[in-house]
Structures are given as structure tokens and as C-alpha cells.
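So for the sequence shown, the numbering used here puts the first residue at -6; every next one is plus one.
Every residue gets a Cβ at the ideal spot worked out from N, C-alpha and C, and that includes glycine.
These notes concern the structure reproduced below.
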Amino acid sequence: MQTLIDEHLKAIGLQSLLEAPISIIDKEKFKAQVQYDSPETQELKIRNNLRYTIRVGAHQNPDFFKPLAERLDELLKMKEEERISNTQLLIDYAELQDRIILGDQESRAKGFDTEQKRAVYNSMQVIFAEAAEAQTRLLFARIEGELDLVEWQDKGQVRKVIENKICKILEEKMEKGPARRKAKVLVELLAKRNNA
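Written out as C-alpha cells, the structure reads:
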């Protein structure tokens, strides 16, 4: 049965959906992949790649990807209700793609060269706006010693020290309770993305 489905998809030009997807961050390769496809196939490939990128990104960098996920859901609902043309939908998909690419490039340009640092920087942007870069650097400077410890993520006492240091920085812009909750989220994010 699967062979029959695969052959049908290949016959209608959906061959590349069966292969490993090309990252939407590599805009030129992605554009080359979809340029000769029908508008419906282009929309399907772009939608699937955006959905995948946003879903994976949301686990690694929730503050950056959550608004993108909400926008994608909104676009898909509009498409389902036929309130948006295919052309406008592709334009809006391109805007989402550009936001992902620019966000990544901006973080890297500021020296946040790991996924861990980019995720924290994006969270700090939500809280500190223009001061996010300086606050992110301050945060990593303050917790550098703890992050250098072997398997720090498995040591409750070390996690608590990191949380307290982050909380102190966040309390400059947030009330104590929300700052504590956000610090816990950031510690989890750091632990998940350790050395990534």
C-alpha cells in the first residue's frame, strides 16, 4: 500500500516531500527546490517546511517561535475558510520565512553562536527590548561558572543557583513571582540546549 502511495505522489510531482526537507533558512536552495512546482505544490512544501521548522523551533526557542506558530495557524485558518488567495498566502509564508532567517542572522551577528544563547537572547528580547543584548551577555557572564560544571543540569543545587542569578537580572523588569517563573523556564531551556 505504501509503495502505491509513494508512486502516486512521485507521479504528481511531490517527489521531494518523500526526501529529507531542505531547511527554509537556506533560502536559495529552498527556492530552487520549489521554483518549477505548481502553486499548490509550492504552497504544500512551504507550509510543511514552515510547520516543521516552527514546531522544532518552538521547543528550542519558544519566545521567538510562538508568535510565528500563531501567525501560521491564523494563515491556515484563513486558507481553510477561503479568506486568502494562494498568492497572498505564499507572500505571507515568505514573510514568516524571512522572520525566521532574520532572527537567526541577527542573533548570530550579535555573537550568540549557539542555539542555547540564541534562545536566551530571544527570551530576553521579549522582556528587555533594546537592552536584551547587554542583559543576555550579563546573564551568561554571571552563570558561566555553573554552566562549565560537568552535568550541571543533573545537579539540583547548581540549577537553583543559576535560577537565582537569572531571577535577579529579570527582577529589573519584572515582579518577583513572574521573574521566578521565567527564570525556571530559562533554566530548563539552558538544560535542554546545553552546548547546542
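**Message:** Measuring straight from C-alpha to C-alpha, what distance separates P171 and C160?
**Reply:** 9 Å
**Request:** With DSSP as the reference, label Q8 as helix, strand or coil.
**Result:** With a pLDDT of 48 at Q8, under the threshold of 50, the predicted position of this residue should be treated as unreliable, though the coordinate-derived value follows. Reduced to three states, the DSSP call for Q8 is helix.
**Prompt:** With DSSP run on the structure shown, which of helix, strand or coil describes R186?
**Reply:** coil
**Request:** Return the Cβ separation of K190 and F121 in integer angstroms, given the expectation that the two are a contact with Cβ distance under 8 Å.
**Result:** One cannot answer for residue 190 here, as it falls past the ends of the chain, which runs -6 to 189.
**Item:** Distance, L69 Cα to G104 Cα
**Value:** 35 Å
**Span separating the alpha-carbon of Q128 from that of L95** = 21 Å
**Prompt:** Can you tell which of R76, T80, E88 has its C-alpha closest to the C-alpha of R64?
**Reply:** E88
**Message:** Give me the residue from Q26, R101, F57, K59 with the minimum Cα distance to N42.
**Reply:** Q26
**Proximity of I47 and L61 at Cβ, strictly below 7 Å** = yes
**Item:** Residues of its chain near R135, where Cβ-Cβ distance is below 6 Å and the 5 sequence neighbours each way are ignored
**Value:** K158
**Asked** How is the alpha helix (DSSP H) around Q26 delimited, first residue to last?
**Response** 20 to 27
**Asked** Secondary structure at E140, three-state DSSP: helix, strand or coil?
**Response** A small correction: the amino acid at residue 140 is Leu; Glu does not occupy that position in the sequence shown. Of the three classes helix, strand and coil, the one that applies to L140 here is helix, per DSSP.
**Request:** Could you tell me the distance, in whole angstroms, from the CA atom of F23 to the CA atom of Y86?
**Result:** 13 Å
**Request:** Quick one: grab the DSSP three-state call for E99.
**Result:** helix
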